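Visitor: Below is a structure I'd like to ask you about.
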Amino acid sequence: MKIGIDAGGTLTKVAYVDGDYRRFEKWKSTDVDTLIKMIDSQYPQDEVFLTGGKAEYMAEKLNRNHGVSIEFDATYRGLKTLMAEQGIALERFVYLNVGTGTSFHHASSKGQKRVGGSGVGGGTLLGLSKLLVGIDDYNKIIHLADTGNRDAIDLKVHHIYNGRPTPIPGDLTASNFGNVISGDIESLEPADKLQAVIGLVAETVTAIGINLAEGYDTKDIVFIGSTLFDNKVMQEIINRYAGLKGAKAHIIDNGEYSGALGAIL
Ligand code: ATP
Ligand code: MG
Numbered sequence: 001m002k003i004g005i006d007a008g009g010t011l012t013k014v015a016y017v018d019g020d021y022r023r024f025e026k027w028k029s030t031d032v033d034t035l036i037k038m039i040d041s042q043y044p045q046d047e048v049f050l051t052g053g054k055a056e057y058m059a060e061k062l063n064r065n066h067g068v069s070i071e072f073d074a075t076y077r078g079l080k081t082l083m084a085e086q087g088i089a090l091e092r093f094v095y096l097n098v099g100t101g102t103s104f105h106h107a108s109s110k111g112q113k114r115v116g117g118s119g120v121g122g123g124t125l126l127g128l129s130k131l132l133v134g135i136d137d138y139n140k141i142i143h144l145a146d147t148g149n150r151d152a153i154d155l156k157v158h159h160i161y162n163g164r165p166t167p168i169p170g171d172l173t174a175s176n177f178g179n180v181i182s183g184d185i186e187s188l189e190p191a192d193k194l195q196a197v198i199g200l201v202a203e204t205v206t207a208i209g210i211n212l213a214e215g216y217d218t219k220d221i222v223f224i225g226s227t228l229f230d231n232k233v234m235q236e237i238i239n240r241y242a243g244l245k246g247a248k249a250h251i252i253d254n255g256e257y258s259g260a261l262g263a264i265l
């Protein structure tokens, strides 16, 4: 068995691979010492490959490791494998890894290049949710957000143009949270606020992705990272916004395991 571990800022992703057998697992990165003990006791004979921001820490503590990869290289190797398996045949594309923060890359037949980053990512989603409604449980946040409505929170382009013709689609967000100042906020529910938080993160990263794709002469924007996981609100906003701008969003199943898988490859 080969075990690939991507130890990120928030979550540590583990891929167990043995021939055709594959299993993925997520751990909280704060539980990394428990994970190390588990690997040492339950998989003493297996090969362990590491990547991610906390890989060096793990390498120091584990009794063995068979290689530490640079996060961006490992992630790209894993991503290409997952894309091929999911029938997404792209050579030239941009991709966004929406982790704790977000990193932006472009890819071609020559490989990948990291072209930027943003502090807006999954950590923002959790942090703002906690500040605004006191919830920091990811699963609670995404499911509650799905029942909300952010219309009274976000200012849309058509709000500003007030019925007059708009130069860009009226339904685009002109200002995330920009409607709060004039709106009826007494009636807002936690679900509405959570949906607006996800909207802010989704639209910010997608806007950068769209600009990057335009500059790189592609329409394909690939999204990975645990912030997408099961996150219906985020996925819908990404797909819709990219579509409105003539781009195509590809959200990769198990994309958050790209680094863990790629560490083995
Ligand atoms: P980075 O790559 O920036 O170092 P990371 O690898 O830990 O960070 P990901 O695992 O891709 O990042 O994404 C982390 C984000 O995923 C969290 O900030 C949160 O929004 C979301 N998330 C998804 N599932 C969970 C979960 N079970 N617990 C906590 N956060 C989760
Ligand atoms: Mg990561």
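full-length UniProt numbering numbers the first residue of the sequence shown as 1 and each following residue consecutively.
Ideal Cβ placement from N, Cα and C applies to all residues, glycine included.
The model shown is predicted, which means the values in this text are computed figures rather than measured ones.
Answer with buried or exposed for Ile160, where buried requires no fewer than 16 other C-beta atoms within 10 angstroms of its C-beta.
Guide: Counting from 1 along the sequence shown, the entry for residue 160 is found at position 160. By the neighbour-count rule (16 or more Cβ atoms within 10 Å), Ile160 is not buried but exposed.
Visitor: Can you tell me whether Thr100 sits near ligand 1, meaning its C-beta is under 8 Å from at least one heavy atom of the ligand?
Guide: As a first step, residue 100 is located in the sequence shown; it is residue number 100 there, counting from the start. Checking every heavy atom of ligand 1 against the Cβ of Thr100, one is found closer than 8 Å.
Visitor: What is the rounded straight-line gap between the Cα of Gly87 and the Cα of Ile181?
Guide: On the sequence shown, position 87 is the one that residue 87 refers to. On the sequence shown, position 181 is the one that residue 181 refers to. Rounded to whole angstroms, Gly87 to Ile181 spans 46 Å at the Cα level.
Visitor: For the beta strand (DSSP E) containing Leu96, list its first residue and its last residue.
Guide: On the sequence shown, position 96 is the one that residue 96 refers to. Where Leu96 is concerned, the enclosing beta strand (DSSP E) stretches over 93-98.
Visitor: Drop a sphere of 10 angstroms on the beta-carbon of Gly199, count the other beta-carbons inside from all chains shown, and report buried for 16 or more, exposed for fewer.
Guide: One-based indexing of the sequence shown puts residue 199 at position 199. Flag for Gly199 reads buried.
Visitor: Can you tell which of Ala174, His106, Asp217 has the C-alpha that lies nearest to the C-alpha of Lys156?
Guide: Start at 1 with the first residue of the sequence shown, and residue 156 comes out as number 156. Nearest option by C-alpha distance: Ala174.
Visitor: Quick check: is any heavy atom of ligand 2 less than 8 Å from the C-beta of Glu71?
Guide: What you label residue 71 is simply residue 71 of the sequence shown in a count that begins at 1. Answer for Glu71: yes, Cβ within range of ligand 2.
Visitor: Roughly how many angstroms lie between the CA atoms of Arg240 and Ala249, to the nearest whole one?
Guide: Counting from one through the sequence shown, the residue named residue 240 turns up at place 240. Counting from one through the sequence shown, the residue named residue 249 turns up at place 249. The alpha-carbon atoms of Arg240 and Ala249 are separated by roughly 9 Å.
Visitor: Quick one: using the 10 Å Cβ neighbour count with 16 as the cut-off for buried, is Tyr21 buried or exposed?
Guide: Position 21 of the sequence shown holds residue 21. Classification of Tyr21: exposed, given that the 10 Å Cβ count is below 16.
Visitor: Is Glu214 near ligand 1, judged by its Cβ being under 8 Å from some heavy atom?
Guide: Within the sequence shown, the letter at position 214 stands for residue 214. Flag unset: Cβ of Glu214 not near ligand 1.
Visitor: What are the boundary residues of the alpha helix (DSSP H) that includes Leu35?
Guide: As a first step, residue 35 is located in the sequence shown; it is residue number 35 there, counting from the start. Unbroken alpha helix (DSSP H) run through Leu35: 32-42.
Visitor: Say the cut is 8 Å; is the CB of Asn97 nearer than that to a heavy atom of ligand 3?
Guide: Of the ligands one can find in the structure shown, namely ligand 1 and ligand 2, none is ligand 3.
Visitor: Measuring alpha carbon to alpha carbon, tell me which residue in Lys37, Asp184, Ala84, Arg114 is nearest Arg64.
Guide: If you number the sequence shown from 1, residue 64 lands on position 64. Residue Lys37 is the option with its Cα nearest to Arg64.
Visitor: Compare the beta carbon distance of Gly225 and Gly122 with 9 Å and say whether it is the shorter of the two.
Guide: In the sequence shown, residue 225 corresponds to position 225, counting from 1. In the sequence shown, residue 122 corresponds to position 122, counting from 1. Taking 9 Å as the Cβ cut-off, Gly225 and Gly122 qualify as a contacting pair.
Visitor: Do Ser69 and Ala55 come within 9 Å of each other at the CB atom, strictly closer than that value?
Guide: Within the sequence shown, numbered from 1, the residue matching residue 55 stands at position 55. Within the sequence shown, numbered from 1, the residue matching residue 69 stands at position 69. Cβ atoms of Ala55 and Ser69: closer than 9 Å.
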